[in-house]
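For what it's worth, the numbering used here labels the leading residue of the sequence shown as 3, then goes sequentially.
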Amino acid sequence: MIYLDNAATTWPKPEGVYQAVANFMREIGANPGRGGHRASVRGGKIIADTRKKIARLFNLKNSNRAIFTFNATHSINLALKGLLEPGDHVITTALEHNSTLRPLFKLLQKGVRVTVIPCSPQGFIDPALIKRKLLPSTRLICLNHASNVLGTLTPVQEVGRIARENDVIFMVDAAQTAGIYPIDVEEMNIDLLAFPGHKSLLGPQGTGGLCVGERVRLDSIFEGGTGSVSESFAQPDRLPDKLESGTPNTPGIAGLGAGLDFILQEGMEKIRAHEQELTSYLLQGLEEFKEIKIYGPKNTEKQAPLVAFNVKDKDSTDISYMLDKFYDIATRSGLHCAPLVHKALGTREQGAVRASIGYFNTRGDIDGLLHALASIVKEF
Ligand SMILES: Cc1ncc(COP(=O)(O)O)c(C=O)c1O
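Written as structure tokens, this is what we have:
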């Protein structure tokens, strides 16, 4: 199989990730932080070590403020629902994924006000427009770091500055960038950083996280056992316990730790350079087809390693299906859970085919896709 669906979840993973998951399952297995026995302590140490690696990667000063979740959607829900109250105003953008839009829609029904900043058809966001929409009640600006449909990178640094100058909380959804692009929560003034563990951080599915800055106090959205302050019925106030109830995904977190080790050893720049090189090779190849329409910036300096396109007016699902069935190539079709982007593109009916690149892809994989598309295009 040629796997080009890395924006959904990366595959394959580095060998060390498989080993770390299997080692935990086979050799340790215990519930971490819930008992004083050695296996439980070893599990707890794996979690604490992975937390430190996350803090190091994103320059978060206190690793206890790195919360483990089960995916980016979980992180975003923790942040939005833990922060916002009726009467609060939020600014977000048309680039967002449903993992942001749907919780915001729910909060809207409970009295939170939401302003959605439009994006250009290439996915660009104007920070000046965000600034103009600030209100005295604006509590939060939330923005993704790169569109999962167009790849377009957003002006996080600039928006972070606007948020800080206006004493507004700034949340970034780094689902498409964490592990590929440097993210420094201090320098970028990011108060809440939501990320999946299973995409470019190369961990297993069922992992994700939320970095919670010192300026933010989140309420818990679910409560339960934390292995701490067990005599109290009230949820402990300290982090990470307040936001991490119940048994964690320790095998997944062990694997995530190994994914982070791989990134730190390999170097994010090398990873990014390889993925950008393949993205640019793919863009050049696609440009050769007059039957193919490419969306997004078409410039690897301005986009994450993914490319959305359509073949004539054909339904994107049919093209993706053909790529899979006849050529064993995994891509994604449809709206990619980002309906407002497709509204801006005028592709709400057709959707788009998305090829997303990972570190383990090769030029041969891109050639495979281009050859398959050459045959498909001839059929229509
Ligand atoms: C921009 C963006 N945000 C959020 C998510 C949700 O991530 P998860 O599947 O880890 O919940 C995705 C998933 O593709 C995404 O691309």
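Ideal Cβ positions, reconstructed from N, Cα and C, are used throughout, including at glycine. From a predicted model like this one, the values you see are computed outputs, not experimental measurements.
- Taking all protein chains in view, the Cβ of P123 is surrounded by fewer than 16 other Cβ atoms within 10 Å, so the residue is classified as exposed.
- Within its own chain, the residues whose Cβ lies closer than 8 Å to the Cβ of N66, once the five positions on either side in sequence are excluded, are R53, R240, L241 and P242, listed in chain order.
- For L145, the enclosing beta strand (DSSP E) begins and ends at T140 to N146.
- Within the region 131 to 209, complete beta strand (DSSP E) segments of at least 3 residues are found at 140 to 146, 171 to 175 and 194 to 198, given in chain order.
- Of the other Cβ atoms in all chains shown, fewer than 16 fall within 10 Å of the Cβ of L131; this residue is therefore exposed.
- In this structure, the straight-line span from the alpha carbon of D193 to that of V218 is close to 7 Å.
- Distances from the alpha-carbon of S77 to those of G199, S358, T94 and T252 put G199 closest.
- Partner residues in the beta bridge of R115, as assigned by DSSP, are H91.
- V231 counts as exposed, since fewer than 16 other beta carbons sit within 10 angstroms of its beta carbon.
- Taking a cut-off of 8 Å on C-beta distances, the region 67 to 86 touches the region 108 to 121, as three or more cross pairs fall below it.
- For the pair G211 and A180, the Cα-to-Cα distance works out to about 11 Å.
- Segment contact: the region 367 to 381 against the region 167 to 174, fewer than three CB-CB distances shorter than 8 Å; contact not assigned.
- For L372, same chain residues with a beta-carbon under 6 Å away, outside a window of 5 residues either side, are G287 in chain order.
- In this structure, D243 has its CB at a distance of at least 7 Å from all heavy atoms of ligand 1.
- Spanning the alpha carbons of V23 and L137 requires a straight line of approximately 47 Å.
- From the listed residues K380, F328, L258 and G269, the smallest Cα separation to K15 is found for L258.
- Under DSSP, the beta-bridge partners assigned to T71 are G210.
- With a threshold of 7 Å, the Cβ atom of H39 does not count as near ligand 1, since no heavy atom of the ligand is closer than that.
- Spanning the alpha carbons of S377 and E246 requires a straight line of approximately 50 Å.
- A340 carries a coil assignment under DSSP once its states are collapsed to helix, strand and coil.
- Within the DSSP secondary-structure output, R356 pairs in a beta bridge with A310 and R334.
- Assignment of Q286 by DSSP, reduced to helix, strand and coil, places it in the helix class.
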